[in-house]
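In this note's numbering, the protein residues as written are 389 to 751.
Here a beta-carbon is modelled for each residue, glycine too, at the ideal position from N, C-alpha and C.
Below is one structure, written out as C-alpha cells; the observations come after it.
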C-alpha cells in the first residue's frame, strides 16, 4: 500500500491527539496527517490536497450525525471514509454504510491493530472498486470501437470488393488501380486501429514487453510518415522533418506506435494544403519530439479531457475521417513507459503541437 495522506475531521483536541497516537502505533505507511475541526475546513483541505483516507467524527460544530455524512459524501469522490463515533448507534451505522462509509468505529473501543485493519480494508476495497470501474470503462470503449469504429471501415472494404467483383470485366486498368488505392487507403487506418487495440489490451493485462534499443531517429520517422503517405497526398499536405538527434535509445515498436498515431492525427485534423512539422531536439537529458500542424486545433474543453479514458471520445477529421480516440491514450502510455512525458498545446483554428520526451538514459 502506498504512502497515505490521512484527513482527521475531529473538533476535540484530546481525540485528535489520541487518534494520532493510535496511528503512530500502526504499521501503516503514513505520509502526512491533516486536521480539520469543521466540515468546511475539511472541504478546503480536500480541494487542495490528495487525501487517501478520511477519519470522520459525526458531531462537528457545523454539522451533526447524518448531516455530517451527507455533506461529506456530496463533496468527495472515491475516498474511503471511516466513522469515529463517541457511542454506538445501530441506525446511524446502517445509514452511514448505506451512504458509502467503509467502516464504523466507536471511540475508546478499538486498538491500533483494529484501526490499521479498518484503514487497510477500506483503502483496498475502494481501490478494487476503482479498478473494476476502470475495467468496465475499458470494456465498454473496446466494444464501442469493435462494433462501430472497426465495423464501419470493414463494411466499406467489403463494398469496394463487391463493386470490383461485379464490374471487373468492364473496368479499365486505371479504374482497377483507383479501386486498389482506395482499398489501401481504407486498410491503413484499419491496421492502425487493430494494432492500437492489441497494444492497449496488452497494457491493460500487463503483458506488454519493453525492449529498448538504439534506433536511427530519421529512419523511424520516415517509416511512420510513409504509412500515411496516401492520406497526406490526398489532402496535399506537406511534411517537413528536422532532427538534431541522430540516434535514440527506445523501444522501436512503442516509438513507432506513438509517432504513427500522432502524425496520423496531425494529418487527420489538417486542412487540404496544410503543413506538418516534425522536429527532434535534445534538452536536459531528454530527446524532445514535436509534431506541429496548422489545422483546426482543439477546444479547451476537449483538451482538458483528451488523456482521460473515462471521457475521451473520437472526433471526425477535416475530411470526415473516423477515429477511436485510442491512439492518443496509447501514445501517453508508451511515452510514460519510457519515463517520458507528453503534452498538447493547441489553439482553435490555428493548429496543434504535440510534445513528448524520451529520456536519453532509460532506467
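Taking C-beta to C-beta, are residue i and residue j nearer than 7 Å?
{"i": "residue 500", "j": "residue 410", "result": "yes"}
{"i": "residue 631", "j": "residue 606", "result": "yes"}
{"i": "residue 588", "j": "residue 718", "result": "yes"}
{"i": "residue 682", "j": "residue 617", "result": "no"}
{"i": "residue 635", "j": "residue 604", "result": "yes"}
{"i": "residue 448", "j": "residue 427", "result": "yes"}
{"i": "residue 627", "j": "residue 658", "result": "no"}
{"i": "residue 445", "j": "residue 397", "result": "yes"}
{"i": "residue 722", "j": "residue 642", "result": "yes"}
{"i": "residue 434", "j": "residue 394", "result": "no"}
{"i": "residue 584", "j": "residue 715", "result": "yes"}
{"i": "residue 731", "j": "residue 750", "result": "no"}
{"i": "residue 493", "j": "residue 440", "result": "no"}
{"i": "residue 736", "j": "residue 685", "result": "yes"}
{"i": "residue 633", "j": "residue 608", "result": "no"}
{"i": "residue 425", "j": "residue 399", "result": "yes"}
{"i": "residue 548", "j": "residue 568", "result": "no"}
{"i": "residue 414", "j": "residue 504", "result": "yes"}
Which whole-angstrom value is the C-beta distance of residue i and residue j, which I expect to be below 8 Å?
{"i": "residue 390", "j": "residue 417", "result": "7 Å"}
{"i": "residue 602", "j": "residue 637", "result": "6 Å"}
{"i": "residue 680", "j": "residue 665", "result": "5 Å"}
{"i": "residue 506", "j": "residue 470", "result": "6 Å"}
{"i": "residue 623", "j": "residue 655", "result": "7 Å"}
{"i": "residue 753", "j": "residue 745", "result": "Residue 753 lies beyond the residue range present for the chain, which begins at 389 and ends at 751; the question has no answer from this structure."}
{"i": "residue 673", "j": "residue 747", "result": "6 Å"}
{"i": "residue 575", "j": "residue 545", "result": "7 Å"}
With H, G and I counted as helix, E and B as strand and the rest as coil, what does DSSP make of residue i?
{"i": "residue 661", "result": "coil"}
{"i": "residue 715", "result": "helix"}
{"i": "residue 750", "result": "coil"}
{"i": "residue 418", "result": "strand"}
{"i": "residue 628", "result": "strand"}
{"i": "residue 431", "result": "helix"}
{"i": "residue 684", "result": "coil"}
{"i": "residue 696", "result": "coil"}
{"i": "residue 739", "result": "strand"}
{"i": "residue 473", "result": "strand"}
{"i": "residue 523", "result": "helix"}
{"i": "residue 437", "result": "coil"}
{"i": "residue 426", "result": "coil"}
{"i": "residue 393", "result": "strand"}
{"i": "residue 650", "result": "helix"}
{"i": "residue 446", "result": "coil"}
{"i": "residue 509", "result": "helix"}
{"i": "residue 492", "result": "strand"}
{"i": "residue 668", "result": "strand"}
{"i": "residue 407", "result": "helix"}
{"i": "residue 622", "result": "helix"}
{"i": "residue 640", "result": "helix"}
{"i": "residue 744", "result": "strand"}
{"i": "residue 677", "result": "strand"}
{"i": "residue 398", "result": "coil"}
{"i": "residue 729", "result": "coil"}
{"i": "residue 462", "result": "Legend: pLDDT at residue 462 = 49, less than 50; position of this residue unreliable, value from coordinates given subsequently. Helix, per DSSP."}
Would residue i pass as an interface residue toward chain D - the criterion being a Cβ-Cβ separation below 7 Å?
{"i": "residue 563", "result": "No chain D is present in this structure, which holds just one protein chain."}
- Message: Quick check: the region 644-659 against the region 567-581, are at least 3 beta-carbon pairs closer than 8 Å?
- Response: yes
- Query: What runs of the beta strand (DSSP E), each 3 residues or longer, lie entirely inside the region 532-620?
  - Reply: Segments of the beta strand (DSSP E) lying fully in the region 532-620: 600-604.
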